[in-house]
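Participant: Below: one structure in structure tokens.
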Amino acid sequence: MAPRFIARQLARPQGFTGRVVGRLMNWHNADMNAFAVQCLELEASDHVLEIGFGGGLNLPALLQSAAFVAGVDHSADVIDWAKAKYREAIATGRAEFRAGRVEALPFEAASFDKVCTVNTLYFWESLHTGFAEIRRALVPGGRAFIGFLPKAHMQRKRMPPDIFTLRTVEDVLGALGKAGFRDVRTERPEPDTPWNVMVATG
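According to this note's numbering, the sequence shown is numbered sequentially starting from 1.
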């Protein structure tokens with residue numbers, strides 16, 4: 001089983017160890033994150049929210065292509081880091097970072113054209129509540145992009161079950177449907193890629 005202190009840092013990065021773990025996860029998850037950003041098909045007018053941005057791997061690409069980028073994370077250290085690194089984008093009204101959780105997003109309804117999150121589903125308290133909040137934050141017809149490693153593959157990593165809640169594709173599909181999402185599809189760069197990015201329209 002993975003060491004508990006590492007699992008806790010994956011769930012909520014804090015301090016020096018959190019920064020180190022964040023960098024390692026940026027490297028380890030680079031392919032999934034890059035593919036998720038590709039799936040976004042960003043347009044210059046897009047307002048985008050990334051949930052659980054952690055080490056900030058996707059933020060440069062999002063800021064380069066979208067009109068406005070918001071990030072939410074429940075780690076205060078992560079929020080402080082992003083505010084310092086992207087203070088110019090914040091000052092010009094192109095970025096905003098807030099502490100919070102997916103189950104209670106700190107943004108007004110219909111604020112975003114696209115919402116993305118990668119490898120955060122394991123830490124959600126409720127898939128249904130999380131997806132309902134994402135749909136609330138999206139403009140009508142906006143799209144959600146959810147990258148994750150399904151339960152069958154995550155089980156091999158032997159993460160502590162009280163920190164990681166493993167999700168099947170069927171779990172995610174069912175919760176998206178109950179939250180009112182439609183036209184749900186699963187994207188992978190290759191047929192045998194273990195992880196996937198699910199795309200759903202609000």
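In this text, a Cβ means the ideal position worked out from N, Cα and C, and glycines have one as well.
Whose C-beta lies closer than 6 Å to the C-beta of Thr165 among residues of the same chain, with five residues either side of it excluded?
Facilitator: Residue 165 sits at position 165 when you count from the first residue of the sequence shown. Excluding sequence neighbours, Thr165 sits near Tyr122.
Participant: Whose C-beta lies closer than 6 Å to the C-beta of Thr186 among residues of the same chain, with five residues either side of it excluded?
Facilitator: Within the sequence shown, the letter at position 186 stands for residue 186. So the list reads Asn196 and Met198, once near-sequence residues are dropped.
Participant: To the nearest angstrom, report how far apart Asn58 and Thr201 are at their CA atoms.
Facilitator: By one-based count along the sequence shown, residue 58 stands at place 58. By one-based count along the sequence shown, residue 201 stands at place 201. So the alpha carbons of these two residues sit roughly 21 Å apart.
Participant: Report back the beta-carbon spacing between Ile146 and Thr117 to the nearest angstrom; my notes put them in contact at under 8 Å.
Facilitator: Here residue 146 refers to the residue found at position 146 of the sequence shown. Here residue 117 refers to the residue found at position 117 of the sequence shown. Right, the Cβ-Cβ distance comes to about 6 Å (below 8 Å), so this counts as a contact.
Participant: What does DSSP give as the partner residues of Ile51 in its beta bridges?
Facilitator: Along the sequence shown, read from residue 1 onward, the residue named residue 51 stands at position 51. BP columns for Ile51 point to Val72.
Participant: Could you have a look at Glu187 and say whether DSSP puts it in helix, strand or coil?
Facilitator: Position 187 of the sequence shown, counted from the start, is the residue given in the question as residue 187. Three-state result, Glu187: strand.
Participant: Beta-carbon separation of Trp81 and Val102 under 8 Å?
Facilitator: By one-based count along the sequence shown, residue 81 stands at place 81. By one-based count along the sequence shown, residue 102 stands at place 102. In this structure, Val102 does not lie closer than 8 Å to Trp81 by Cβ.
Participant: Give the single residue among Ala144, Ile51, Lys178 and Asp31 whose Cα lies nearest to the Cα of Phe97.
Facilitator: Mapped onto the sequence shown, residue 97 falls at position 97. Nearest of Ala144, Ile51, Lys178 and Asp31 to Phe97, Cα basis: Ile51.
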